[in-house]
Amino acid sequence: MTDNTTNLTWRQWLNSDAPTSRRHARIAAIYHGWQTFSSNTLAMVGLGILLLLFFVAALAPLLAPHDPLTQNLAGRLLPLWTDGHPLGTDSLGRDILSRLIYGSRITLYIVTLVALIAPIAGLLVGTIAGYTGGIVDAALMRITDIFLAFPRLVLALAFVAALGAGIENAVLAISLTAWPPYARIARAETLTIRRSDFISAVQLQGAGPLRIITRHIWPLCISSLIVRVTLDMAGVILAAAGLGFLGLGAQPPSPEWGAMISEGRKFILDYWWVAAMPGLAIFTVSLAFNLLGDGLRDVLDPKSGSS
Amino acid sequence: MTTLLDIENLRVTFPTRQGEFEAVRGVSFNLGQERLGIVGESGSGKSMTGRAILRLIRPPGRIEADRLELGGRDMMSMTEREMQSVRGEQISMVMQDPKFSLNPVMRVGEQIIEIYRFHTGASKRAAYAKAIEMLQAVSINDPERVMRAYPHEMSGGMGQRIMIAMMLVTEPKILIADEPTSALDVSVQTQVLSIIDRLVRQRGMGLIFISHDLNLVASFCDRVLIMYAGRIVETCAADKLHEAKHPYTRGLLNSLPRLDHPQDRLQALHRDPNWTLAPSVSGRV
Amino acid sequence: MSNLEIHDLNVWFGRDDDRVDAVKHASFSVPSGASFGLVGESGSGKSTILRALVGLVPTWSGDMKVADQSLTRKRPRAFFKDVQMVFQDPYASLHPRHTVDQVLGETLNLHGFDDINNRIEKLLEDVGLGPAFRFRYPHQLSGGQRQRVAIARALAPQPSVLLLDEPTSALDVSVQAEVLNLLSDLRQERALTYLMVSHNLAVVAHMCSNIAVMQAGKIVEVMGVDDMRAMTPTHPYTRHLLNSSQGYKPSQEQSA
C-alpha cells in the first residue's frame, strides 16, 4: 500500500478515484470541495477578508498604533489622514483606527458565539422534531414559534433589565432569537431526508433513531445550516451593532463597532468619518460573510449530493 | 422524400477539470419525412445530440458541426433570435417527464396559448381555438376542462399528451422526442406513441425518437441509429434491427431478457475499447 | 431457509375519507429457495407489499408469515438478519456522504459481526467489486456499481430472503444483464428466497418461477413462468400487459 502512495505525486493522490483508506477518501473529498470553492473569485475575496479580520483581531496589540481607550481631549475629531491618526479621532480624541482594530476582537467574539449557539440549538430541535413527528414535533415547533415571535431588541431589553447590560447578555439575546430559523431549516431537511431510501435501508438494518439522526441526518443538514449561518452573520453583526447603538450591548468605553457608530451619530454632518469608518468596517465584514456563504453553498449544495 | 435536416460531423464538447470532454464526437445523419430512432445507453450522447440540433447547449459547452442545416438553411450561423423562431416553430422537442417540462403554476391552456401567440402573433381567441383543436388531436375528450386545469392535476400520460399538443400547435416540420414514454406505464405508452405516430404521418413531419429501449425503437421507427460513447456505431432499417452486425448492437440485443426465449444466464456485454476509437458511421441516406 | 406467506393482506394510507387502499386482499406464498415475481403498473401496490413485509407501512391488516412465523406490529432485530431489501433507485439508496466502506461497516456493526475488515472485503468480492471501490463515495460510482453496493449491504447480515424492488429499472440494459446474473448466481449459491417486484415482464420471467399480476391493489392472477412465456394468461389485464410489452403495434390506438 505504501509503495503506491510514495510513487504518486500529491495531486495524483488527491485526485485518485480509488481511495485507499477512509482518511484518504475524506481528504480527497475536502480537496475537491476546496477546488470548487477556490474557483469562485468572489468567495475567495470573502474568505480573504475574514482571514484578515482574524489576524487583525489576533494581533491587535501589535497592529494598533495607539491605545484604544486613551482619551486626548485636545485632539478631538481630527480628520482622516491626520499625522499619527490615519482614520482620525473620535469625540474623545481616541484614535479610530486603533479602536477599529481592537473592536474586531469584539466582533469576532460575538460572531463566533452566535455561530456556535444558534445553529447547534436549531439543529437539535429541528432534527428531533422532524424525525420524531407527532406530538414531540408539534411541541417543539410551538416553542420555536414562541422564540421566533420575540423581537430581538425587546428581548435584549428584558435581559438587560434582568441581568444588566453587557456584551455577553447581548450575545445571549441575539442567539435566543437567531436559533428558530435554523430549527425550521433542519426540520424541513429532516422531513425530506426521512423519506429517502437510504434511511429506510439503515432502518432495515435495525438502526435506532439516535444513530439515524446523528450519523445520517445531521451530515446532510449541516451543509445548509453552514451556508445559512454565513449568510446570517451579516445580520448578527448588525444586530450586535444595533444593540451597541442603543447602549444595550458593549458598554463604553469598549470599542465595539456599533457603539462607535452611536457615539459618532451626533457629529455625522460635520465629522462624518467618526461614524462612517466603523460603518464601513461592518459593511466589509458583512459582505465578506455573504460572499463566503455563496461560495460555500456552491460546494455544499445538497442538489449535487442528491439526497 | 425531402431532406428536412442535414447534419455533418456534429461535435459537442464540455470543458471539465480533467480536460475537454466530448459528449458527441462527429455524428452525421440526415432526416427526411420519416421516423428516425436514436438508441443508446446513458452517456452515449443521444440526448446531447437532440439538444445540439436545437443549439440548446449552454456555455461553457460548445457545439461544432461541419454542417447543420434545416431545409437548406444553415443553423450554425443563426443568431439566438433566429434560433428562437426555429425552436418551437420549425423544430419542437418533447422530453421525458411532463412534471418537469410543464410550468406548474400556469394553467395548461395558458401555456399552450402563450406558445402559439409567441410564434404566430395570433389573437387570444384564435389561439384558444387552436389550442382546443390540438388537445382534441391528441385524443383528449374534454379539452375545455383540461385547458382550465393545472399540470399537477393530470396523470403522466395526460401530461405527455398535453406536451405533444403544446409542441405541435405551431405545426413544426420536425419533432424531437427524447424518451417521451420512459416515465409512463406500459399501457399508456402505447396510447401516446400512437398519437405521435398519427400526427407525424398526417402532417408529413420528420421525427427523431431518442430512447434507450431498443425494441420500442425497432417497432416504432423506420430507421435506427445506434450510438455509443458519442459516436454512431451502426445504422439500419428498423425492421432489420435484429439482424444488426456491430458487436455493440448485437451485445445489447443479446443482453436483453426475452419472454419468448428463456435463458439461464443473460449474455453480459463485453465492451471493446476499439468501439470508442472507430470513426462514427454516417447516418445519411 | 425461510419461506414467505401472505394471506389476505390489506394496506391502506390515511383515514376515513382520505383513505387510500394500496393493497387489497393479497394472498400468495413463496416456498423456501424459490423466486416469486410481482408485476404491475405504477399504483398497483406491488412495492407496497414489500414495504409491508419489512415494516415500513403503518397500517395493515391480514397475515404475513416469514419462516412460518406471523409478523407483528414491530420487527425484531433478528428479523432483519433473515430478511433484507434491495431498493429501486441506486441513486437514492446510498447515503451521499458515506463511503462504501462506511455503509458496509455500519451494517455489519449493527448486526453484531466482528472481523469487519475481512467481511467488507469478502462482500465486495461477492458482488463483483474490487477493493478499489471500497473508499469511494456514491457520486464516484456508476448506477450499476451503486446497485452492487446495495446488494452487498443487503447480503451483509447473511439473510435467507431478499426482497427486490425493481432492482434494475434504473439501470442501462447492459448493466441490467450483469446485475441480474449476479442476483441469479447469488440465489443459487446461497439458496436464497427472492420476492421480486418489476414492471418489466421479461425481467420477471427471467428471474422468477411464479408470478403474481397486480392491478390497482389486487392480485388478479398468479401464473407460472411457463404460462407467461407461452402467452396463455387467463385474466384480460394480464393479456393487456403481455401485449403492451411486445413493443409498438400500429393498430393499437385507444382514445382517452
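Respectively, the protein sequence lines represent chains A, B and C.
In my numbering, each number is its position in the first sequence, counted from 1, plus 1051.
Quick note: the second sequence, position 284, residue 266 per my numbering, numbers continuous.
In my numbering, each number is its position in the third sequence, counted from 1, plus 439.
Idealized CB from N, CA, C, for every residue including glycine.
Keep in mind the model is a prediction, meaning the values are calculated, not measured.
Chain B residues whose Cβ lies nearer than 8 Å to that of S474/C: Within chain B, no residue comes near S474/C; the closest Cβ sits about 13 Å away, beyond 8 Å.
What does S608/C touch in chain A if you count any residue whose Cβ is under 8 Å from its own? Going along chain A, no residue has its Cβ under 8 Å from S608/C, so there is no contact; the nearest lies around 13 Å.
Locate the beta strand (DSSP E) running through S74/B, then write down its first and last residues. I73 to V76
Output yes if chain A places a C-beta closer than 8 Å to the C-beta of T546/C; else output no. yes
Mind checking which residues open and close the alpha helix (DSSP H) that includes C1272/A? W1269 to F1296
Helix, strand or coil at M524/C [DSSP, three-state]: strand
Taking W257/B as part of the alpha helix (DSSP H), name the residues at either end of that continuous run. N256 to L259
Near-chain C residues of the stretch -9 to 22 of chain B - C-beta to any C-beta below 8 Å: none
Residue ranges of each alpha helix (DSSP H) run of no fewer than 4 residues wholly in the stretch 1171 to 1234 of chain A, ordered along the chain? 1185 to 1200 and 1203 to 1214
Answer yes or no: do Y1233/A and L1297/A have a C-beta to C-beta separation smaller than 8 Å? no
In the DSSP output, what is H243/B paired with across the bridge? R240/B
Kindly indicate which residue of V9/B, R99/B, L248/B and L234/B has the alpha-carbon position closest to the one of S264/B. V9/B
Quick check on the DSSP output: the alpha helix (DSSP H) that includes L489/C runs from which residue to which? K485 to L492
Given I312/B as reference, the closest of F3/B, D254/B, R49/B and V182/B once Cα atoms are compared: In the structure as shown, chain B starts at -17 and stops at 267, and residue 312/B therefore has no counterpart that could be examined.
Can you look up N557/C in the DSSP assignment and give me helix, strand or coil? helix
If you check the beta carbons only, do I45/B and R55/B fall under 8 Å apart? no
State the Cα-Cα distance for the pair H537/C and G583/C, rounded to the nearest angstrom. 18 Å
Can you find the residues in the same chain that come closer than 6 Å, C-beta to C-beta, to Q693/C, ignoring five residues on each side of it along the sequence? Note that Q693/C has pLDDT 45, beneath the 50 cutoff, so the model's placement of it is unreliable and no number is given.
Output the distance between the C-alpha atoms of A1080/A and L610/C, rounded to the nearest integer angstrom. 26 Å
By a C-beta neighbour count over all protein chains shown, 10 Å radius and 16 as the cutoff for buried, is Q72/B buried or exposed? buried
Quick check on DSSP: helix, strand or coil for A1114/A? This sequence places Leu at residue 1114/A; Ala is not what is there. Helix, per DSSP.
Buried or exposed: K155/B, going by 16 or more other Cβ atoms within 10 Å of its Cβ? buried
Against P689/C, what residues of chain B qualify as contacts under a CB-to-CB distance less than 8 Å, listed in chain order? S176 and D179
In chain order, what residues of the stretch 215 to 245 of chain B put their CB closer than 8 Å to some CB of chain C? G233, L234, S237, L238, P239, R240, L241, D242, P244 and Q245
Would you kindly report the start and end of the unbroken alpha helix (DSSP H) that includes I1081/A? R1073 to S1089
Output the distance between the C-alpha atoms of L1214/A and A1301/A, rounded to the nearest integer angstrom. 14 Å
Range of the contiguous alpha helix (DSSP H) that encloses M145/B: G138 to L150
Chain C within 8 Å of R247/B, Cβ atoms only: yes
Chain-ordered neighbours of Y576/C on chain A, where CB pairs are closer than 8 Å: A1076 and A1080
Residues that DSSP places opposite R213/B in a beta bridge: Y210/B
Figure out for me which residue from M65/B, D(-12)/B, H134/B and E126/B has the closest Cα to the Cα of H101/B. M65/B
Could you tell me whether the Cβ atoms of A589/C and L562/C are closer together than 8 Å? no
Beta carbon proximity, Q1256/A to chain C, threshold 8 Å: yes
Hey, does T172/B have any beta-carbon neighbour from chain C nearer than 8 Å? yes
What separation, rounded to the nearest whole angstrom, lies between the Cα atoms of G1356/A and R1235/A? With a pLDDT of 38 at G1356/A, under the threshold of 50, the modelled position of this residue cannot be trusted; read the value that follows with caution. C-alpha separation (whole angstroms): 21 Å.
At a Cβ threshold of 8 Å, is N197/B touching chain C? yes
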